[in-house]
Amino acid sequence: MAHAYQPITDLNPIRGFWADFKAFIAKGNVLDLGVGIVIGAAFTKVVSSFVDDLLTPPIGLLMGSRSLENTFWVLQEGHQGGPYHTIADAAADGAVTINGGRFAMAAIDFLLVAFVLFWIVRVALSLRRWEAEEKKADAPPVHRCSECLEEVHPQARRCKYCTAAIGDGGERGVRA
Numbered sequence: 002m003a004h005a006y007q008p009i010t011d012l013n014p015i016r017g018f019w020a021d022f023k024a025f026i027a028k029g030n031v032l033d034l035g036v037g038i039v040i041g042a043a044f045t046k047v048v049s050s051f052v053d054d055l056l057t058p059p060i061g062l063l064m065g066s067r068s069l070e071n072t073f074w075v076l077q078e079g080h081q082g083g084p085y086h087t088i089a090d091a092a093a094d095g096a097v098t099i100n101g102g103r104f105a106m107a108a109i110d111f112l113l114v115a116f117v118l119f120w121i122v123r124v125a126l127s128l129r130r131w132e133a134e135e136k137k138a139d140a141p142p143v144h145r146c147s148e149c150l151e152e153v154h155p156q157a158r159r160c161k162y163c164t165a166a167i168g169d170g171g172e173r174g175v176r177a
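Convert by adding 1 to the 1-based position in the sequence shown; the result is the number in my numbering.
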């Protein structure tokens, strides 16, 4: 009778798995992604607090409510009937409501996060563009063969692509 369980005698596959996993985790992209997720979660909390605690109370007052979150419309009253002061009161009575204030707060959260992320991406792209232009300015001048238009080394005497002679004194691509 064969046993279903067989002890592992060769640990090389397990060690190989852990070595591969360790190499995967140690890659810069995975670490950058992890840091980005943590920072993004913290940033979302800050934006949500800004919207909930600073931005929506004045908007709620303008709309005649104490808080924008509790701005709602009753579609069907519950068992005892209204008026309901909060969404929780309406839900406890079994009323059917449209919670426009919660939706407005979520939309404002989204727009603020999208705006700040757009700003961050725009700044990052402009920095990359600036670095690329700086590298391009520091790069040696590009010489091209006049016969095949391939890039050639500035000190080359012949084009390595078409073997055209590259003369001295700036005469490039003149056949010998």
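Beta carbons are placed, not taken as given, at the ideal position from N, Cα and C, and that holds for glycine.
Enclosing alpha helix (DSSP H) for residue i [first to last residue]
{"i": "L56", "result": "Looking at the DSSP string, L56 is not in any alpha helix (DSSP H), and its letter there is neither H nor E."}
Coil, strand or helix - residue i by DSSP
{"i": "T72", "result": "coil"}
{"i": "R145", "result": "strand"}
{"i": "R129", "result": "helix"}
{"i": "G171", "result": "Per-residue confidence for G171 stands at a pLDDT of 44, beneath the threshold of 50, marking its modelled position as unreliable; the derived number appears in the next sentence. Correct three-state label for G171: coil."}
{"i": "A140", "result": "coil"}
{"i": "E78", "result": "coil"}
{"i": "R254", "result": "A question about residue 254 goes unanswered here, because the residues of the chain that appear run from 2 up to 177."}
{"i": "E152", "result": "strand"}
{"i": "A165", "result": "coil"}
{"i": "K28", "result": "coil"}
{"i": "G61", "result": "helix"}
{"i": "A177", "result": "Confidence at A177 is low in this model, with a pLDDT of 36, below 50, so the placement of that residue should be treated as unreliable; the coordinate-derived value is given next. A177: coil per DSSP, three-state reduction."}
Proximity winner among the options, relative to residue i (alpha-carbon distances)
{"i": "C163", "options": "Q156, L150, H154", "result": "L150"}
{"i": "C145", "options": "C160, K137, E135, F18", "result": "For clarity, residue 145 is Arg in the given sequence; the question names Cys instead. That would be C160, whose Cα lies nearest to the Cα of R145."}
{"i": "A107", "options": "L56, L126, D33", "result": "L56"}
{"i": "I60", "options": "A105, A165, K28", "result": "A105"}
{"i": "I88", "options": "A24, N71, W131, L126", "result": "N71"}
{"i": "R103", "options": "E132, L69, D94, V122", "result": "L69"}
{"i": "S147", "options": "A166, R129, W131, D94", "result": "A166"}
Residue range of the unbroken beta strand (DSSP E) whose run includes residue i
{"i": "I99", "result": "97-99"}
Residue i Cβ short of 7 Å to the ligand PLP heavy atom set
{"i": "V52", "result": "Inclusion of the ligand PLP in the displayed structure is not the case, the ligand content being empty and no account of it being possible."}
Sufficient close CB pairs (3 or more, under 8 Å) joining the segment 47-58 to the segment 104-114: yes
For the 8 Å Cβ check, are there 3 or more pairs between the segment 75-85 and the segment 93-110? yes
Mind listing, in chain order, the continuous alpha helix (DSSP H) runs of no fewer than 4 residues lying wholly within the segment 80-124? 88-94
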